Amino acid sequence: QVQVMESGGGLVQAGGSLRLYCKASGRTSRIETVGWYRQAPGKQREWVASAFSGGALRYADSVEGRFTISRDNGWSAVTLEMFSLKPEDTAAYYCNARLYDSGTEYWGQGTQVTVSS
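According to this note's numbering, the sequence shown is numbered sequentially starting from 5.
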């Protein structure tokens with residue numbers, strides 16, 4: 005089993021920056037990918053960025069060039085750095101870990117990001 009916990013987030017003005025942290029624990033050797041998702045009020049949860057065990061990094065078009073995902077050698081620290089934030093980036097941000105073998109996914113509780121105009 006894997007546990008996932010987010011931290012960071014908060015309130016920032018448009019154009020500002022924030023950093024989110026995701027910590028995975030437990031059987032992290034089975035993790036294939038860790039990703040960030042977000043959900044704004046009244047909207048569906050959407051994918052933001054992912055880091056893969058092979059080293060690949062992927063971004064949604066809406067954040068490409070503004071957000072950077074990084075990880076340590078394990079999965080104990082997956083960081084999402086967010087620059088040039090916009091009001092439309094306001095959402096609850098969730099960290100997700102998916103396992104190699106079963107495809108089982110584990111979610112954190114989420115952390116709020118609010119960007120004021």
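Here a beta-carbon is modelled for each residue, glycine too, at the ideal position from N, C-alpha and C.
Source: prediction; values computed, not measured.
Residues near Glu-36 by beta carbon distance below 8 Å, same chain, minus five either side:
Only Phe-56, Ser-57, Arg-102, Leu-103 and Tyr-104 meet the Cβ criterion.
Looking at the structure shown, is Glu-92 part of a helix, part of a strand, or coil, going by DSSP?
Shown here, Glu-92 sits in a helix according to DSSP, grouped into three states.
Would DSSP call Arg-34 helix, strand or coil?
Under the three-state reduction of DSSP output, Arg-34 falls in the helix class.
On the DSSP bridge assignment, give the partners of Val-8 in chain order.
Val-8 pairs with Ala-28.
Anyone know if the C-beta pair for Val-38 and Trp-79 falls short of 7 Å?
Result yes, Cβ atoms of Val-38 and Trp-79 sit closer than 7 Å.
Output the distance between the C-alpha atoms of Thr-94 and Ser-33, rounded to the nearest integer angstrom.
Ser-33 has its alpha-carbon roughly 32 Å from the corresponding atom of Thr-94.
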